[in-house]
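Peer 1: Encoded as structure tokens, here's the structure I'll be asking about.
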Amino acid sequence: MLIEPQHHALSIVRQCQLIGLPRSGYYYHPKEESPENLAYLRIIDEQYLRTPFFGSRMMTAWMIRQGYSVNRKRVQRLMRKMGIQGTVPGPHTSKPHPEHTIYPYLLRGLDLSYANLVWSTDFTYVPLPTGFMYLVAVIDWYSRYVLSWELSNTMDYLFCVSALQAALTQGEPGIFNTDQGSQFTTSAFTQHLLNRQILISMDGRGRAFDNIMIERLWRTVKYEDVYLQDYEHFFMARESLENYFGFYNEERRHSSLGKRTPSAVYWADRRGQEQAV
Numbered sequence: 398m399l400i401e402p403q404h405h406a407l408s409i410v411r412q413c414q415l416i417g418l419p420r421s422g423y424y425y426h427p428k429e430e431s432p433e434n435l436a437y438l439r440i441i442d443e444q445y446l447r448t449p450f451f452g453s454r455m456m457t458a459w460m461i462r463q464g465y466s467v468n469r470k471r472v473q474r475l476m477r478k479m480g481i482q483g484t485v486p487g488p489h490t491s492k493p494h495p496e497h498t499i500y501p502y503l504l505r506g507l508d509l510s511y512a513n514l515v516w517s518t519d520f521t522y523v524p525l526p527t528g529f530m531y532l533v534a535v536i537d538w539y540s541r542y543v544l545s546w547e548l549s550n551t552m553d554y555l556f557c558v559s560a561l562q563a564a565l566t567q568g569e570p571g572i573f574n575t576d577q578g579s580q581f582t583t584s585a586f587t588q589h590l591l592n593r594q595i596l597i598s599m600d601g602r603g604r605a606f607d608n609i610m611i612e613r614l615w616r617t618v619k620y621e622d623v624y625l626q627d628y629e630h631f632f633m634a635r636e637s638l639e640n641y642f643g644f645y646n647e648e649r650r651h652s653s654l655g656k657r658t659p660s661a662v663y664w665a666d667r668r669g670q671e672q673a674v
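The number in our numbering is simply the position in the sequence shown, starting from 1, with 397 added.
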């Protein structure tokens, strides 16, 4: 056991820091779902990557056609657990927290002409054999560079704030875009942006394509790592994702970036901005 809970000289937080383990990893306990529901979670997630416009009604109909014994209520619950919904607005889209401030969407028609103009974040579901985790990332829209990421066993705001703080050690964007989920509308998250006078933008309800860059990232990560590696436990997921994001930033070339890597575009553009100043 690398972490000793009864160690009086060092706190659990400090012990986690020393071995490079996020605190969420120490406290991780697999989510309690039946093997059948865990299988359905993965099936729904894989289909959602192909058809993100599927809401619970269309997803249920598709699963029934495939021979799965599900009803809409069950599919709705599983989709909520993963934090996903159809991209087409409708009466069943998620509701923002009533006490949190919702900011307008600022990216429509915006010309993405340089790095650190727009960053965005979101989280996605990551399956494990006996449960699941949530993965959050912060990405620069212009370069597709992943500034930070984090894993958690809950959808609370703490791992989202941790990813934001890590990203802000590398720079600051002009605009930061999120969806209207309570993890991102809480003052514990938004205050880090407001303190730096960063403009906050939020997707319209039920409009996942408002945050299209992060949606494309999830598709890439899942097809190229998550579902290929088939993580056996948290530590395997953590190590594999760390390797993958290193590859994604430093080696994976994008046609939309002129066959350059996100890292090359991000840091070259930043150096150009600094020299111009």
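Every residue gets a Cβ at the ideal spot worked out from N, C-alpha and C, and that includes glycine.
1) Buried or exposed: where does M633 fall if 16 or more other Cβ atoms within 10 Å of its Cβ makes it buried?
2) Just how far apart, CA to CA, sit H589 and Y554?
3) Kindly list the residues whose CB is nearer than 8 Å to the CB of V558, restricted to its own chain and excluding five residues on each side of it in sequence; keep chain order.
4) What did DSSP end up calling R462 once you bin it into helix, strand or coil?
5) Taking only runs that begin and end inside the segment 552–584, name each unbroken alpha helix (DSSP H) of 4 or more residues, in chain order.
6) From the DSSP output, read off the bridge partner residues of V523.
7) Rounded to whole angstroms, what is the Cα-Cα separation between L446 and F573?
8) Going by C-alpha to C-alpha distance, which of Q580, G601 and K619 sits closest to E496?
9) Going by other Cβ atoms of all chains shown within 10 Å of its Cβ, with 16 needed for buried, is P682 buried or exposed?
10) Determine the burial state of I416: buried for a count of at least 16 other Cβ atoms within 10 Å of its Cβ, exposed for fewer.
11) L638 by DSSP, collapsed to three states: which one?
12) Across the segment 614–633 and the segment 435–446, are there enough close Cβ pairs to call them in contact, namely three or more that are closer than 8 Å?
13) Near L561, what residues of its chain come up, given a Cβ to Cβ distance below 6 Å and the 5 sequence neighbours on each side ignored?
14) If you run the structure through DSSP and keep just helix, strand and coil, what is W538?
Peer 2: In this structure, then:
1) exposed
2) Rounded to the nearest angstrom, the gap between the Cα atoms of H589 and Y554 is 13 Å.
3) A585, F586 and H589
4) helix
5) 555–565 and 579–582
6) Residue pairing for V523: DSSP places it in a beta bridge opposite M530.
7) 24 Å
8) Q580
9) With the chain covering only 398 through 674, there is no way to say anything about residue 682.
10) Low local confidence applies: a pLDDT of 48 at I416 is under 50, so the model's placement there is unreliable, and no value is given.
11) helix
12) Contact between the segment 614–633 and the segment 435–446 is present: three or more C-beta pairs spanning the two stretches fall below 8 Å.
13) H589
14) Coil.
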